[in-house]
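Okay, structure first, notes after.
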Ligand SMILES: C[S@@+](CC[C@H](N)C(=O)[O-])C[C@H]1O[C@@H](n2cnc3c(N)ncnc32)[C@H](O)[C@@H]1O
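Numbering (this note's numbering), first residue to last: 212 to 429.
What follows is the structure, encoded as structure tokens:
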């Protein structure tokens, strides 16, 4: 197995041992169902520490329209909704055809259901049909991250936020030998080069688990 720039497993254990994990009784049963689906499907759902961070910050970010590229069965949407802010709409997109049924099996509160639009299909297609977004979560195929960020250009205004989950990609993009032969690290490297030199987005990298990049449109 290839050595990465740090002990990834140790970092993961550290981040996953957040001592402040608390979502409140009302939301805990929903989170339990989502955690059950994560295990059942062995699904790479958003990690709890990233979810808690999103929930904490959403109160300040106050997005009205949220778009997710890669929603699975709704685990990340849970964190947006549990912040209890004035979200008008969350557009969920998921390529896989088997996950909508799992999404529907969750006991979402009615007030959340009203805000969630689940689109089974390609996020690029759904994006082309909608207007303005206040916050986008990019959490689909790594190779498409930059392409999706570029596609957001016409759907975002100054102040819009983009969250890119797992943007560190285990540090693989830092290793030239890996980048030379593997497509995903190569694409992630291109993404970071674009972000670093972009005059359209101001960016912040948060070293939680496998990295969360936060971009704000200038
Ligand atoms: C990391 S998982 C998403 C996790 C999800 N945000 C959550 O927290 O549960 C990535 C998902 O994105 C989906 N996906 C990848 N590319 C996509 C695209 N272009 N449009 C819609 N879904 C996509 C994959 O099928 C996969 O289920």
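Quick reminder that beta carbons are idealized off the backbone N, C-alpha and C, glycines included.
| Item | Value |
| --- | --- |
| Who are the Cβ neighbours of residue 464 in its own chain at under 6 Å, not counting the five residues just before and after it? | Because the chain here runs from 212 to 429, residue 464 falls outside it and cannot be looked at. |
| Assuming residue 313 is part of the alpha helix (DSSP H), what are its boundary residues? | 310-316 |
| What is the residue span of the beta strand (DSSP E) that residue 376 lies within? | 372-376 |
| Please return the same chain residues whose Cβ sits closer than 6 Å to the Cβ of residue 363, not counting the five positions on each side in sequence. | 347 |
| Looking at ligand 1, does it come within less than 7 Å of residue 255, judged from the CB to the closest heavy atom? | yes |
| Using only the heavy atoms of ligand 1, determine whether one of them is closer than 7 Å to the beta carbon of residue 334. | yes |
| If you check the beta carbons only, do residue 413 and residue 427 fall under 8 Å apart? | yes |
| In whole angstroms, what separates the C-alpha of residue 277 from that of residue 237? | 23 Å |
| If you scan the stretch 235-321 from start to end, which runs of the beta strand (DSSP E) of 3 or more residues do you find wholly inside it? | 276-280, 300-305 |
| Does the Cβ-Cβ distance between residue 311 and residue 328 come in under 8 Å? | no |
| Give me the residue from 287, 392, 298 with the minimum Cα distance to residue 304. | 287 |
| Kindly say whether residue 358, judged by its beta-carbon, lies nearer than 8 Å to any beta-carbon of chain D. | Among the chains of the structure shown, chain D does not appear; only one protein chain is present. |
| Starting from the C-beta of residue 265, find all residues in its chain whose C-beta is less than 6 Å away, skip the five residues before and the five after it, and write them out in chain order. | 290 |
| Three-state secondary structure (DSSP) at residue 397? | helix |
| Measure the C-alpha to C-alpha separation of residue 386 and residue 419 and round it to an integer number of angstroms. | 20 Å |
| Please return the same chain residues whose Cβ sits closer than 8 Å to the Cβ of residue 352, not counting the five positions on each side in sequence. | 281 |
| Assuming the contact rule is C-beta atoms closer than 8 Å, residue 302 and residue 337 should be a hit. Round their C-beta distance to whole Å, please. | 6 Å |
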